Structures are given as structure tokens and as C-alpha cells.
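**Q** Take 8 as the starting number for the sequence shown in the working numbering and just add one per residue. Structure in C-alpha cells, see below.
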Amino acid sequence: MPRLVAIRAPAGYGKTTYLLKQGGRYLAFLPGEGSPEDLVRALWWALRREEPVGPPHRAFRELLTLLGDEEVHLAVDDVHHLTSEAGDYLLSLLHAPGVRLTVAGRDLISLRSLPRLVADGVAQVIEVEDLVRLTGWYPQSLEKEVEARLEAMPPKEHQALLRLAGLPLWREGDLHEVGLTYHTLVVVHGLPVQRANGVYWPHEVLQSALVARAPTEVLVTNARRLAEKHPPLAARLYLQAGVAEAALPLLLRQAEEWVSEGLWSEAVSWIEALPSLKGLEPLQGVFALALLETGQVERALRLAGIQDDPFSLATRGIAAFRRGDFKEALALAKKASQSPSWTPVGAILAERVALATRLALDEPRDVLLQEAQGLLARAEIYPGQALMVRSFILHLLPSGGKYGEALTGFQKALEGRSPVRAASFLSVMVESAFIEANKGDPSLLHQTLGHAARYREVATIARPALPYAYKLEASLRAYLGDLDEAASLLEKARGESLALGATSVWASATELLLEVYLAQGKLQEAARALSELEQVHLTHNLPAPYLHRALLQLRMGQDLERIREDLAQAVELGGENAIVARTLMGLPADPTGKPFALLSLRLLGLEAWPKRVLSLRDRKLYTPDGTYSLSEVELRILLALLLSPATADELAERVYGDPAKAGAVHTAVHRLRQRAPILSRHGTRYALENCRLDLALNIEAARQVPTLLPLELRAYFPGDCPVCLEWYENLLLEAKAVVREWLAKGVRIPGAELLDPEDPEYLGALGNTPAVETLREGHVWR
């Protein structure tokens with residue numbers, strides 16, 4: 008029998024009746040009270056008769072521990088009121104082996120992992136037709152049925168019942184106070200009221216009908232009763248009674264939490280349920296901001312209008328920032344931070360937007376960092392906003408100084424109500440660990456791996472974090488060489504990403520998985536991963552996998568020249584993949600700002616060169632400050648200076664074979680120095696410092712990826728000048744040594760004969776007997 012039975016049917020089909028007949032412990036949820044906190048509190052009370060302690064994920068894990076192997080059947084009604092995060096928690100109850108769940112709702116959207124549980128045989132879904140067969144109940148319109156039965160009630164009982172309008176559940180004392188009984192309501196009048204655990208649950212249709220009929224004074228009285236423990240429900244009652252001024256203080260308190268914690272979807276659900284915003288003008292800016300943050304830009308800007316409250320101004324400022332109008336964004340953010348507000352969180356939000364905008368306008372980072380730290384001190388009373396300020400501070404800190412701040416943010420995010428936010432801080436911790444390991448200190452890797460493993464345990468409950476948790480732990484294990492475990496975690500990350508619709512996370516996990524497969528020598532698995540990346544590129548409009556297409560082709564025997572176009576496209580896209588592509592092409596690449604590139608380079612066995620590169624392929628000098636095209640004479644001069652610093656006479660000898668041409672060298676060097684500050688001078692000698700040749704970098708990389716070896720070396724040199732011949736001879740010796748190293752490992756580089764088809768000893772080492780025989784006959788082998 009499945010451990011989870013999920014019933015999906017409209018109102019009036021007998022879902023609640025069926026649930027109660029199944030036995031077990033029953034609980035139901037109310038509109039606006041389906042957050043993870045609400046769920047965990049309800050579960051603790053239903054299963055332990057206690058109040059939970061601590062944030063939801065910790066309280067939930069403690070509950071799972073207490074349950075152990077205990078046999079529990081739980082019936083959960085109205086799951087359509089749960090948020091998706093709460094739905095993740097609910098289904099995580101199945102981690103306790105003795106738990107069985109029967110859930111019901113008008114929809115099951117909040118149960119995101121339900122399709123997977125059905126596919127695994129753990130869950131069964133009962134649809135309307137199945138429910139009708141099970142119950143034999145063919146419903147009519149419940150709304151009409153309830154209206155008819157209310158009309159048929161004696162006036163005195165009808166008026167008594169209206170006194171309960173707006174209360175989501177009734178206790179025995181509530182019924183006794185108005186002179187009614189459960190028997191009268193259900194047996195005599197046939198109203199849809201369910202009884203469980205000594206509590207009476209009026210159906211939503213009945214609740215709505217009572218609210219619509221009740222006089223204003225009843226709604227106001229009941230709203231006052233609910234205000235302390237159920238402020239959202241109380242606010243709704245006040246609004247339905249037309250007393251917006253009483254609802255406003257309750258909603259302002261709720262709105263402060265929405266802004267502080269970034270609960271934008273919850274705020275939008277409120278907007279959608281309101282007939283109008285009349286009387287709620289102070290909230291208009293918050294609703295506009297919520298619409299903006301949920302992607303409804305045009306509605307948000309219409310609602311923000313030309314209002315001068317801080318949230319409307321901040322909404323317009325954020326929209327301006329996202330379209331690149333930084334000056335307008337800054338002006339609006341500053342105005343928002345100075346505008347009077349009913350809550351300090353508005354000014355904190357506005358100042359955070361202003362800081363981000365000033366960073367985009369290239370203001371000094373040290374000034375912004377000092378101001379951001381001051382803002383953080385004020386934001387600590389709003390945990391969600393404080394986390395966002397910490398995240399901004401991380402952008403301002405130097406690469407080597409982020410770990411401590413990121414660890415603090417990670418721990419505070421886990422202590423808060425949304426563990427999902429911890430993923431971004433853990434990602435920075437992983438990047439810092441890579442940077443330190445690249446410098447030779449692996450201690451942070453092991454420390455961070457411990458945090459990542461614990462985060463994965465938390466994320467099994469807070470499911471949206473799970474793909475990130477798997478991927479980050481996999482990244483650390485891959486760097487440490489545990490490739491089998493890394494591949495297993497990446498497969499899990501891919502599966503969770505697909506289930507949650509997080510396509511970009513799926514793509515990055517698949518790219519890393521492909522790199523792990525290449526490091527393991529599993530070419531078939533890598534080809535399958537590439538095929539999946541190509542398909543998702545077409546169906547989800549993601550960037551084409553240029554780098555990973557090139558990596559697989561290299562491993563399958565294609566040489567560098569044939570994949571240069573894909574690598575160039577990867578460079579254009581930027582990011583970590585651009586660092587790897589530039590390294591493969593023999594171009595400058597600095598992974599310091601993109602530390603995940605260090606992982607990819609490690610898996611490939613490569614090392615980036617971040618400084619200058621003289622490219623014989625492109626006839627250019629690449630520097631961190633720019634790229635310079637070179638004439639043939641300039642290229643020869645720089646080749647000569649790569650060998651060693653030299654005077655003009657010495658350069659003339661190397662470049663022209665004639666010291667008398669020192670004047671021509673002086674002229675060329677002068678023009679070159681005018682174009683770019685790339686040459687230094689020590690007395691009479693010119694020098695080209697911190698520079699390497701692209702072909703030399705390719706030959707070094709070929710020790711790890713043999714197909715990177717440039718085979719037709721001679722074709723890259725500009726003529727037969729002395730310096731060209733000297734470089735050619737040096738590179739040829741190095742390239743032949745690489746070929747012999749691979750031969751000793753049993754690997755033959757395709758086309759290796761092209762390096763030196765006139766050297767019989769080299770051709771003999773390659774085992775190319777026909778080529779040696781051709782040379783003996785006086786011909787060059789082709």
C-alpha cells in the first residue's frame with residue numbers, strides 16, 4: 008500500500024468526510040496560514056501535543072528524530088492552502104519510516120515532489136472519479152446546497168449561527184455560547200461541518216456564506232477575537248466588514264515581515280484576494296514591490312505610480328536599476344531612504360538599493376563597504392534584510408577575505424526561516440576554499456565540506472535548496488579527487504533541479520558532471536551528458552554548450568585548430584567557461600574572480616596564465632589591459648625580447664641578422680611604446696616582462712590534453728629570421744618530448760609526424776616505418 012495517498016477534488020466532493028473515515032490524526036489548514044512555520048507548529052501539536060522550538064527546519068528535524076520508527080497515520084486536509092515550501096516539509100515526513108499520510112485539497116500544487124513519489128511507487132493520487140467510486144457520493148453544487156439549507160433554518164438558529172461567521176474553527180464552548188450543537192447543525196440542518204479532536208471545522212463554502220450574510224458588528228467582533236493569534240484572518244474579516252482602518256495596523260505588521268523576509272508571493276496572494284486597495288494606501292508601495300519581485304513589472308510600476316512613499320520609490324528605483332538606468336535608480340533610492348515611513352525596514356531596503364547602484368556606477372569599494380557595514384548593524388533586527396546586506400558586503404570584499412563573512416551569513420541563514428538563502432553564502436565559501444587550495448592550502452576545502460554535508464541534511468527538508476546543496480558538495484568532492492561520489496551527487500542535483508524546474512542549476516550540474524566524466528575517462532557518459540545539454544539549449548533557450556562540446560571533441564581526438572570556433576564562442580559568453588576556453592587557446596586567463604573555473608581547470612589538469620601572452624596564431628599581444636595587433640617587425644621584436652632583455656643592436660641581430668639595423672629597431676620600438684605601455688627599459692636594454700608565448704602554453708597544456716599540441720609549428724612563425732628559427736627549434740624539442748611522454752603511456756597523438764617529417768629517428772620512435780623508408784629514398788614523407 009502506498010505510504011502517501013493524495014486526494015484532488017473540488018469543494019463538495021466529500022474529501023474531508025473520506026479523510027476522517029480513514030482514521031489517524033487529523034489536521035487542516037486555513038487561508039493565509041500555510042507557511043512552513045504554521046505547518047511545523049501544527050505537526051508538533053498533532054503528533055506531540057507540544058509547541059516547537061527554533062526555526063522550522065530544526066524543529067522539523069527534531070520531530071523526525073522523536074518519531075523514529077513509530078507507526079503514525081496522519082490525515083491532512085486543505086493542502087491547497089500550503090505554500091510550496093510547507094508542502095516540501097509535509098512530504099519530508101515520509102523520511103520517518105513509520106509515517107503514512109493521507110492528504111486532500113482542491114489542488115496539489117504545493118506538493119512539488121508528488122510526481123516523483125508516484126513514479127517511485129511511494130504515492131497514489133485519487134482524482135474526482137476515483138473519489139466518487141470510493142464514497143458513492145455524487146455532489147451537487149455545494150454553494151447552492153448550503154444557501155438553501157441556511158435559508159431553511161429557523162430565524163433564531165440562523166441568527167445564532169451567524170454569530171460564528173469568520174471564525175475558522177469552532178470549539179464546544181463557541182457552539183454552547185450561541186445555543187447550538189453539532190447535532191443540530193449537521194443532523195438536523197445538514198450543514199457541512201466536520202468534527203475532529205474535539206474541534207468543529209466548518210467547510211470553506213459554509214464559512215464564505217456565513218461571512219456574506221453576517222452583520223458588520225459580528226465580523227468586527229470576531230475579527231477582534233482573532234487579531235492576536237491569527238492577524239491575517241482578522242485583517243480579512245475587517246476588510247470584508249468594510250473597516251479598512253482596523254485591518255490596516257494588522258496588515259502593516261504583516262507587510263513588515265513580507266519586506267524583511269522577501270515573502271513576495273505571499274504578499275501577491277493578498278493583493279489578488281482584495282476587492283480594492285481603498286483604505287490601504289500605506290500598503291500600496293509594498294504591494295507594488297511584491298509585484299515587481301514576482302516578475303509583474305508593468306503592474307508594479309502602474310501601482311507604484313508617482314507615489315512618494317519609500318516602497319513605491321524603491322520599486323521604481325529597482326526597476327530603473329534592472330534596465331541599466333543607474334543614475335535614475337540612485338536618485339529614486341536616495342529619495343526613498345529619506346522619505347517618512349511607517350517602518351524602518353523601508354529605509355534599509357532603499358539604502359541597500361542605493362549602495363548597489365553606486366557600486367554599478369564604480370564608486371570606491373572601500374567607501375561602500377564602510378557604509379554597508381553600518382547599514383548591516385541597523386538591519387540586524389530584520390533577519391531577511393540583514394542577510395541581503397551581508398550578501399552585498401561579500402561583493403565588496405576582496406577574493407581572499409570573504410570566507411569569514413560568508414560563514415557568518417551561512418550560519419545566520421540556517422538559523423532563520425529560509426534555509427534556501429544559505430546556498431549563496433555556502434557558494435562563496437566553496438569559492439574561497441578553491442582559491443586557498445590553488446595557493447597550496449587545502450584546509451578550507453575539508454572544513455567547507457563539513458558545512459556542505461550538514462547543509463545537504465537541512466536541504467532534504469527545505470527542498471528548493473537541495474539542488475544547490477548537492478552541487479556544492481559535489482564540487483568540493485570533485486576538487487578533492489572523490490570523483491565517484493561527486494558524480495553521484497551531481498546526478499541527484501540534476502534530478503532535483505528538473506523536479507523543481509530549475510533549468511539553469513540543472514545545466515551547471517550537467518556541465519560539471521561532463522567534466523568529471525572526462526576526468527574519469529568515461530567518454531560515452533560524457534557524450535550522453537553533452538547530448539542532454541544540447542537538447543536543453545534548444546528547448547529552454549540556454550546558451551549553447553560551446554566549451555563542453557570542445558572539451559569532448561578534444562578528448563575524442565580533434566586538434567585545437569578544429570575546435571577554436573567553439574572556444575571563441577565560449578569566450579564571448581564570459582563566466583567560468585570563458586576562463587577555461589582562454590586557457591585551452593593559450594590566452595591570458597585569470598580565474599581569481601571566477602573561482603569555480605579553478606575546479607574545471609583542475610579536472611582537466613590545466614593551469615591558467617593570467618598575465619601577458621604573445622600570440623603567434625593571432626599576431627597579437629594580449630594583456631590584462633587590452634589587445635594589440637602587431638606588424639611582422641613588432642612581432643619579431645617581441646619574440647626576441649621573450650628570450651631575454653636586449654639592446655637595440657642585439658635586437659637588430661636577432662630580428663634582421665644585421666646589427667647595423669639598430670635604427671630600424673629603435674623606430675619600431677618607439678612606435679610600439681607609443682601605442683601601449685608594454686615594454687620596460689633597463690639602461691640601454693628593452694624588456695618584455697610577465698609574458699609567455701601562446702604556442703609554449705599549448706605545448707605545456709598538451710602534457711594533460713594531448714590534442715592541444717600544435718603540430719605544424721613552422722607555419723606560425725613570421726619568416727626565417729634568427730629569432731624565429733631559435734624559437735622554432737626550442738619549441739620543436741619541447742613538442743617532441745611531449746609526444747614521447749604520451750607514447751610511453753601508450754597514447755599516440757594523431758598526426759604527430761607533422762611536427763618533424765624529416766627526422767628519421769623521431770619518425771622511427773613513432774613507429775612510422777613507411778615514413779622512414781621514404782626519407783631513405785631521398786623524399787620527405789607527407
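Each residue gets a CB set at the ideal place from its N, CA and C atoms; glycine is no exception. The structure presented is a predicted model; accordingly, all values stated were derived computationally and were not measured.
(1) Apply the 10 Å Cβ neighbour rule to Gly94 and answer buried if 16 or more other Cβ atoms are within range, or exposed otherwise.
(2) Does the segment 115-125 come close enough to the segment 168-186 that 3 or more CB-CB pairs lie under 8 angstroms?
(3) So what's Thr109 in DSSP terms, helix, strand or just coil?
(4) Note down the Cα distance separating Glu40 from Ala262, rounded to an integer number of angstroms.
(5) Is the number of C-beta pairs between the segment 663-680 and the segment 614-621 that are closer than 8 angstroms three or more?
(6) Inspect the CB distances between the segment 653-661 and the segment 592-607 and report whether three or more fall short of 8 angstroms.
(7) May I ask you to list the residues that DSSP assigns as paired with Val633?
(8) What residues are listed by DSSP as bridge partners for Ile400?
(9) With a cut-off of 8 angstroms on the beta carbons, I'd call Ala413 and Leu421 a contact; round off their distance for me.
(10) In whole angstroms, what separates the C-alpha of Glu92 from that of Pro43?
(11) Between the beta-carbon of Ser267 and the beta-carbon of Val396, is there less than 8 angstroms?
(12) Within the same chain, show all residues whose beta-carbon is closer than 8 angstroms to that of Leu404, passing over the 5 residues directly before and after it, in chain order.
(13) For the 8 angstroms Cβ check, are there 3 or more pairs between the segment 748-768 and the segment 727-734?
(14) On the three-state DSSP scale, how would you describe Ser346?
(15) Considering just the uninterrupted stretch of the beta strand (DSSP E) at Pro209, what are its terminal residues?
(16) Who are the near neighbours of Leu649 in its chain, counting only those whose CB is closer than 7 angstroms to its CB and skipping five residues on each side?
(17) So what does DSSP say about Tyr20, is it helix, strand or coil?
(18) If you draw a straight line from the alpha carbon of Arg329 to that of Gly581, how long is it in whole angstroms?
(19) Please look up how many angstroms separate the CB atoms of Leu559 and Ala526, rounded, as I've assumed it's under 8 angstroms.
(20) By the DSSP assignment, the alpha helix (DSSP H) with Ala103 in it spans what residues?
(21) So, for Arg470: in the same chain, excluding its five sequence neighbours on each side, which residues have a beta-carbon less than 6 angstroms away from its beta-carbon?
(22) Hey, out of Val437, Leu337, Glu264, whose CA is closest to Pro390's CA?
(23) Take the Cβ of Arg140 as the centre, count every other Cβ of all protein chains shown within 10 Å, and call the residue buried at 16 or more, exposed below.
(24) With burial defined as no fewer than 16 other Cβ atoms inside 10 Å of the residue's Cβ, what is the status of Arg231: buried or exposed?
(25) Let me make sure I understand the geometry here. Which of Ala551, Gln542, Arg15, Leu591 has the alpha-carbon closest to that of Leu561?
(26) From this set, Arg359, Arg65, Leu637, Leu337, which residue's C-alpha is nearest Arg3's C-alpha?
(27) Counting only the same chain and skipping the five closest in sequence on each side, list residues whose C-beta sits under 6 angstroms from that of Val640.
(28) Measuring alpha carbon to alpha carbon, tell me which of Glu184, Ser117, Leu89, Thr109 ends up nearest Met8.
(29) When the Cα of Asp625 is compared with those of Tyr635, Ser283, Pro631, Trp616, which residue comes out closest?
(30) Quick check on Gln527: does DSSP put it in helix, strand or coil?
(31) Is the segment 536-551 in contact with the segment 499-519, if contact means three or more CB pairs nearer than 8 angstroms?
(32) Can you look up Tyr410 in the DSSP assignment and give me helix, strand or coil?
(33) How about the segment 742-757 and the segment 778-787: do they share at least three Cβ pairs that are nearer than 8 angstroms?
(34) Pick from Ser346, Arg424, Leu762, Leu138: whose alpha carbon is nearest that of Ile14?
(35) Output needed for Val275: all residues of its chain with C-beta closer than 6 angstroms, excluding positions within five of it in sequence on either side, in chain order.
**A** Concretely, from the data shown:
(1) Looking at its Cβ environment, which holds 16 or more other Cβ atoms inside 10 Å, Gly94 is buried.
(2) Because the criterion of three Cβ pairs below 8 angstroms is not met, the segment 168-186 and the segment 115-125 do not touch.
(3) Strand, per DSSP.
(4) In a straight line, the C-alpha of Glu40 is about 15 angstroms away from that of Ala262.
(5) Result no; under three Cβ-Cβ pairs closer than 8 angstroms.
(6) Counting Cβ pairs under 8 angstroms, fewer than three are found: no touch.
(7) The sequence given here places Gly at residue 633; Val does not occur at that position. Per DSSP, Thr630.
(8) Paired residues: none, contrary to the question.
(9) Going by Cβ atoms, the distance from Ala413 to Leu421 rounds to 13 angstroms, so no, they are not a contact pair.
(10) If I take the Cα positions, the gap works out to 6 angstroms.
(11) No, these two residues do not count as a Cβ contact at 8 angstroms.
(12) The answer, listed in chain order, is Leu376, Glu412.
(13) Contact between the segment 748-768 and the segment 727-734 is absent: fewer than three C-beta pairs spanning the two stretches fall below 8 angstroms.
(14) Secondary structure of Ser346 (DSSP, three-state): coil.
(15) Note, Pro209: beta strand (DSSP E), 206-209.
(16) Apart from sequence neighbours up to five positions away, the residues of its chain that approach Leu649 with a beta-carbon distance below 7 angstroms are Leu621, Leu695, Cys698, Leu700, ordered along the chain.
(17) In the three-state scheme derived from DSSP, where H, G and I count as helix and E and B as strand, Tyr20 is classed as coil.
(18) A straight line joining the alpha-carbon of Arg329 with that of Gly581 spans about 20 angstroms.
(19) Contact flag wrong, Cβ pair sits at about 13 angstroms.
(20) DSSP places Ala103 outside any alpha helix (DSSP H), giving it a letter other than H or E.
(21) These residues qualify, in order along the chain: Asp95.
(22) Cα-wise, what sits closest to Pro390 is Glu264.
(23) Label assigned to Arg140: exposed.
(24) Exposed, because fewer than 16 other Cβ atoms sit within 10 Å of the Cβ of Arg231.
(25) Leu561 has its Cα closest to that of Leu591, out of Ala551, Gln542, Arg15, Leu591.
(26) No information on residue 3 is available, as it lies outside the stretch 8 to 789 that the chain covers here.
(27) Exclusion of the five residues before and after Val640 leaves Ala675 as the residues of its chain whose Cβ lies within less than 6 angstroms of its Cβ.
(28) Minimum Cα-Cα distance from Met8 among the listed residues Glu184, Ser117, Leu89, Thr109 corresponds to Thr109.
(29) Measuring from the Cα of Asp625, the nearest candidate turns out to be Tyr635.
(30) In this structure, Gln527 counts as helix in the three-state DSSP scheme.
(31) By the criterion of at least three beta-carbon pairs nearer than 8 angstroms, the segment 536-551 is in contact with the segment 499-519.
(32) Tyr410 falls in the helix class under three-state DSSP.
(33) Flag = no, the segment 742-757 and the segment 778-787 do not touch.
(34) Ranking the options by Cα distance to Ile14, first place goes to Leu138.
(35) Within the same chain, Cβ atoms closer than 6 angstroms to the Cβ of Val275 are found at Ala297, Thr301, the five residues on either side in sequence being excluded.
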